[in-house]
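Trainee: Residue numbers (the UniProt record's numbering): 33 to 527.
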Ligand code: LRH
């Protein structure tokens with residue numbers, strides 16, 4: 033078949049995958065060659081990523097890519113944001129990277145904000161306040177033997193690229209999620225590390241999506257069967273940045289929701305919004321490709337449902353998604369609601385019980401059946417989408433007329449429909465694998481096969497299956513969602 037083939041390594045919070053993407057004129061398709069679970073491990077001192085297991089999955093995926101028999105033009109790596117590994121002076125990894133859901137950053141932000149005020153920090157980084165931002169993780173490790181021994185900090189995708197190629201760098205879309213990056217100048221902040229007691233030498237030189245990142249090392253070639261020196265191309269290594277590249281928006285007035293474990297809902301802008309209003313509303317200005325800004329809020333996404341299912345599986349209750357969604361569709365609408373952004377939903381645990389406890393505490397009927405819990409979770413997520421997108425539009429002075437929902441959530445017909453109903457806006461759902469597509473497209477562009485962001489998006493829109501959800505337009509239905517939105521109230525505000 034015509035077209036060049038690129039390997040996208042995409043590590044998510046629940047699974048990793050290696051996909052082969054074929055790109056040619058009017059052609060864009062993806063084949064999954066390997067998928068593996070991402071299972072965090074609890075150690076005595078906290079929750080860690082099994083980064084060696086993940087790297088093994090990457091190597092096996094690349095071997096599967098080699099076995100496909102199609103020459104791989106290049107490899108790109110993206111993962112979730114904020115987390116990192118530390119290297120010592122010999123370049124060895126100092127311990128398994130912490131999981132952002134580890135509790136060690138509790139109470140740390142306050143200490144950091146006592147040194148650099150929240151307004152000042154936001155004025156530089158434009159970053160949403162999340163307790164696990166890299167800067168707070170580093171502050172929680174201050175003075176530790178590990179941090180004292182560290183010579184380099186590599187964000188997760190950069191660590192994988194380092195092991196594949198031997199090169200060292202910090203990809204800028206992901207660097208923009210650390211809390212140490214200057215959103216306006218798009219470079220590491222010159223002053224924050226010093227003021228926060230972080231050695232600036234830890235932070236590697238930046239690289240931009242499209243930059244070459246070296247070639248596969250001999251040991252990788254030997255294991256995978258890919259030619260030694262196969263180029264690794266820097267992609268938008270923050271998974272959300274890659275997903276937004278592949279949002280099939282072809283007209284103005286589009287908002288996006290990258291919906292997986294998290295729901296990242298917002299707008300693409302040409303420059304950051306660093307106003308006090310944006311800070312108080314806890315909006316992020318993350319860097320995208322070509323100098324774009326993802327003006328979005330990170331809200332709890334399908335994590336709530338995933339964690340419910342894990343609890344039910346443990347308890348021997350039904351946990352099949354189709355069955356649960358069927359039960360949710362039959363449950364009473366809009367009875368109990370939770371604020372997905374409430375801090376108690378962040379850590380792993382018994383999510384159905386936390387949802388019920390939230391409802392009891394807020395004077396609502398606690399959902400009894402599994403279907404009622406799932407309905408509560410999904411309607412609450414739809415309302416959080418509404419809240420976030422309305423706020424984004426207001427803060428950025430934009431008009432939103434349609435929503436593109438990409439990522440795993442695009443498969444969840446109830447969530448898509450309820451997002452359309454809650455917002456009163458049409459939802460275009462898909463592609464599900466937006467992140468891998470964005471990864472592939474940036475590689476293809478570096479190879480000269482596609483053009484600007486607009487042409488990449490037209491290629492996605494023209495080749496990927498999309499589902500359309502129109503909002504219900506009966507007055508009673510609209511009033512019910514409006515009333516529910518009032519009950520949910522505003523998002524928790526920033527410190
Ligand atoms: C989504 C994501 C999100 C971050 C979170 C840590 O996978 O990268 O954009 O905020 O993980």
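Beta carbons are placed, not taken as given, at the ideal position from N, Cα and C, and that holds for glycine.
(1) Can you find the residues in the same chain that come closer than 6 Å, C-beta to C-beta, to residue 562, ignoring five residues on each side of it along the sequence?
(2) Between the beta-carbon of residue 375 and the beta-carbon of residue 412, is there less than 8 Å?
(3) Compare the Cα-Cα distances from residue 273 to each of 164, 327, 518, 511 and report the closest residue.
(4) Look at the alpha carbon of residue 505 and the alpha carbon of residue 57, and state the distance between them as a whole number of angstroms.
(5) Run the proximity test for residue 373: is its beta-carbon closer than 7 Å to any non-hydrogen atom belonging to the ligand LRH?
(6) Is the separation between the beta-carbon of residue 198 and that of residue 165 shorter than 8 Å?
(7) List the DSSP bridge partners of residue 220.
(8) Given this structure, state the Cα-to-Cα distance separating residue 251 from residue 470, to the nearest angstrom.
(9) Mind reading off the beta-carbon distance from residue 455 to residue 500? Whole number of angstroms is fine, and I expect it under 8 Å.
(10) Using the three-state DSSP reduction, which class does residue 72 fall into: helix, strand or coil?
(11) Please name the residue, chosen from 95, 97, 129, 207, that lies closest to residue 72 on a Cα-to-Cα basis.
(12) At a cut-off of 7 Å, is residue 543 close to the ligand LRH when judged by its beta-carbon and the heavy atoms of the ligand?
(13) Just curious, the alpha helix (DSSP H) that residue 206 is in, first and last residue?
(14) Using C-beta distances below 7 Å, list every residue in its chain close to residue 133, excluding the 5 sequence neighbours before and after it, in chain order.
(15) To the nearest angstrom, how far is the alpha carbon of residue 426 from that of residue 84?
(16) Where do the ends of the alpha helix (DSSP H) carrying residue 154 lie?
(17) For residue 496 and residue 287, I'd like the C-alpha separation in whole angstroms.
(18) Using a Cβ-Cβ cutoff of less than 7 Å, which residues in the same chain neighbour residue 155 once the five nearest sequence positions on both sides are dropped?
(19) Using only the alpha-carbon positions, how far apart do residue 341 and residue 351 sit?
(20) Over what stretch of residues does the beta strand (DSSP E) that includes residue 288 continue unbroken?
(21) Rounded to the nearest angstrom, what separates residue 290 and residue 348 at their Cα positions?
(22) Between which two residues does the beta strand (DSSP E) carrying residue 300 extend?
(23) Which residue or residues does DSSP assign as beta-bridge partners of residue 382?
(24) Between residue 282 and residue 91, is the Cβ-Cβ spacing less than 8 Å?
(25) Rounded to a whole number of angstroms, what is the C-alpha to C-alpha distance between residue 270 and residue 186?
(26) Of the choices 335, 361, 358, 503, whose alpha-carbon is the least far from that of residue 384?
(27) Got a sec? Which residues, its chain only, sit under 8 Å from residue 477 by beta carbon, not counting five neighbours each side?
(28) Count the other C-beta atoms from every protein chain shown that fall within 10 angstroms of the C-beta of residue 208, then say buried if there are 16 or more, exposed otherwise.
(29) For residue 323, which residues from the same chain have a beta carbon less than 8 Å from its beta carbon, with the 5 sequence-adjacent residues on both sides left out?
(30) Out of 51, 52, 465, 202, which has the shortest C-alpha to C-alpha gap to residue 280?
(31) According to DSSP, is residue 328 part of a helix, a strand, or is it coil?
(32) Thinking C-beta only, is residue 268 closer than 8 Å to residue 474?
(33) According to DSSP, residue 51 sits in a beta bridge with which residue or residues?
(34) Drop a sphere of 10 angstroms on the beta-carbon of residue 318, count the other beta-carbons inside from all chains shown, and report buried for 16 or more, exposed for fewer.
(35) If the criterion is Cβ atoms closer than 8 Å, does the pair residue 485 and residue 297 meet it?
Mentor: With the given structure in hand:
(1) Outside the modelled stretch of the chain, which goes from 33 to 527, sits residue 562, for which no answer is possible.
(2) no
(3) Among 164, 327, 518, 511, the Cα nearest to that of residue 273 belongs to 327.
(4) 40 Å
(5) no
(6) no
(7) 213
(8) 28 Å
(9) The Cβ separation is near 14 Å, so there is no contact.
(10) coil
(11) 129
(12) Residue 543 lies beyond the residue range present for the chain, which begins at 33 and ends at 527; the question has no answer from this structure.
(13) 204-207
(14) 79, 378, 379, 380
(15) Counting only the Cα atoms, residue 84 lies some 44 Å from residue 426.
(16) 150-157
(17) 18 Å
(18) In the same chain as residue 155, and ignoring 5 residues on each side of it, the C-beta atoms closer than 7 Å to its own belong to 306, in chain order.
(19) 5 Å
(20) 286-291
(21) One C-alpha to the other measures close to 31 Å.
(22) Boundaries of the beta strand (DSSP E) harbouring residue 300: 294-301, taken from the DSSP string.
(23) According to DSSP, residue 382 bridges with nothing at all.
(24) no
(25) 13 Å
(26) 335
(27) 242, 483, 488
(28) buried
(29) 218, 302
(30) 465
(31) strand
(32) yes
(33) 40, 64
(34) buried
(35) no
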